[in-house]
Amino acid sequence: MESMGPSKTSNSSVNGIDSIKEYLTVAGEAPLLTKEQEIELAKRIEAGDEEAREEMICSNLRLVVSIAKRYTNTNFLSFLDLIQEGNLGLIKAVERYDYRMGYRFSTYATWWIRQAITRGVADTDRTIRLPVHMGETVRKIIRTANQMEQQGCKYDTKKIAEKLGLSETKVKDALRFSSHLVSLEMPISDDNTSVFGDFLEDNETISPEENAMEVSLQMELAKQMEALSERERKVLELRFGLYQGRRHTLE
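Heads up, the sequence shown is in numbering that gives the first Met the number 0, so the first residue is 0 and it goes up one at a time.
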């Protein structure tokens with residue numbers, strides 16, 4: 000019997016491995032940037048220099064690989080897909096980075112890369128059917144929000160609840176429950192200007208700027224603490240709850 004050629008699945012796997020190898024080669028060839036080089040590139044990018052933009056991206060491909068590795072235990076995306084999602088986050092970080100804020104680009108970009116990867120993972124497992132009663136409630140909420148928006152009214156969960164004769168808690172619960180089952184990017188208006196995620200409250204998420212600033216402060220604090228004696232460090236750590244988040248008295 001003649002030997003059959005490799006299956007389509009096998010070819011796909013080989014192509015995927017080759018693509019990863021090629022990506023890692025490019026990532027490994029790009030030199031790491033100093034803080035001064037990052038600032039210089041950022042200034043050129045701000046002025047519209049495409050070469051500077053490409054250099055900033057290529058010099059941070061290792062960062063994408065490093066972060067993507069942490070999500071390889073998910074069942075939704077291959078390693079190559081995770082890298083591709085991370086690249087989208089890296090590109091967005093390059094476009095939005097403000098060197099005047101004082102923190103390193105990698106600190107800022109980490110937030111965007113993580114966000115892009117986690118969103119990519121979540122979006123592959125979307126569009127699960129909602130329970131009938133909950134689905135109808137969500138549709139009413141979204142329809143009402145659309146109507147209020149078209150009328151130029153500023154709306155929130157409280158106003159929507161009043162209009163539908165529901166408790167605000169029920170409105171929030173319906174949106175929170177459905178957010179795990181429906182893509183946050185699902186359009187809910189005819190012109191696609193509003194998405195489902197616009198109607199969800201998120202008081203816990205911090206911006207990439209806030210995240211970068213917090214990380215920078217932690218690094219600076221750790222650097223300053225190194226100049227202290229072990230006893231002095233221990234006193235400050237306990238007194239201000241620096242690492243465990245719990246403060247202690249001086250007694």
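We put the beta carbon where it would ideally sit given N, CA and C, even for glycine.
Minimum C-alpha distance to residue i - residue among the options
{"i": "E39", "options": "A173, L76, E84 and R99", "result": "R99"}
{"i": "K42", "options": "V93, K68, S58 and V25", "result": "V93"}
{"i": "K162", "options": "D172, K171 and A144", "result": "A144"}
{"i": "T136", "options": "Q114, A173, A29 and S77", "result": "A173"}
C-beta atoms of residue i and residue j nearer than 8 Å
{"i": "I66", "j": "T33", "result": "no"}
{"i": "G85", "j": "I56", "result": "no"}
{"i": "F104", "j": "N72", "result": "no"}
{"i": "I116", "j": "Y70", "result": "yes"}
CA-to-CA distance, residue j to residue i, given in whole angstroms
{"i": "T168", "j": "K157", "result": "9 Å"}
{"i": "S18", "j": "L79", "result": "8 Å"}
{"i": "R52", "j": "L227", "result": "41 Å"}
{"i": "L31", "j": "E54", "result": "10 Å"}
{"i": "R232", "j": "E225", "result": "8 Å"}
{"i": "D48", "j": "I90", "result": "14 Å"}
{"i": "R230", "j": "R61", "result": "38 Å"}
{"i": "V120", "j": "V234", "result": "43 Å"}
{"i": "Q83", "j": "S166", "result": "42 Å"}
{"i": "R95", "j": "V63", "result": "17 Å"}
{"i": "Q114", "j": "L76", "result": "15 Å"}
{"i": "N202", "j": "K20", "result": "Caution applies to N202, whose pLDDT of 45 falls short of 50 and renders its modelled position unreliable; the value that the coordinates give is listed next. Whole-angstrom Cα-Cα distance: 40 Å."}
{"i": "L81", "j": "E50", "result": "25 Å"}
{"i": "K171", "j": "M147", "result": "17 Å"}
{"i": "T24", "j": "D97", "result": "29 Å"}
{"i": "A29", "j": "Y22", "result": "11 Å"}
{"i": "F198", "j": "E37", "result": "The predicted model places F198 with a pLDDT of 46, which falls under 50 and marks its position as unreliable, so this point remains unresolved."}
{"i": "D189", "j": "E35", "result": "Below a pLDDT of 50, predicted positions are generally treated as unreliable, and D189, at 46, falls in that range; no measurement from the model is reported."}
{"i": "A160", "j": "I44", "result": "47 Å"}
Enclosing alpha helix (DSSP H) for residue i [first to last residue]
{"i": "D80", "result": "F78 to R95"}
{"i": "Q36", "result": "K34 to E45"}
{"i": "S65", "result": "L60 to K68"}
{"i": "T156", "result": "T156 to L163"}
{"i": "M55", "result": "E49 to C57"}
Residue i at chain B interface by Cβ criterion, 8 Å
{"i": "A144", "result": "No chain B appears in the structure shown, which is made up of a single protein chain."}
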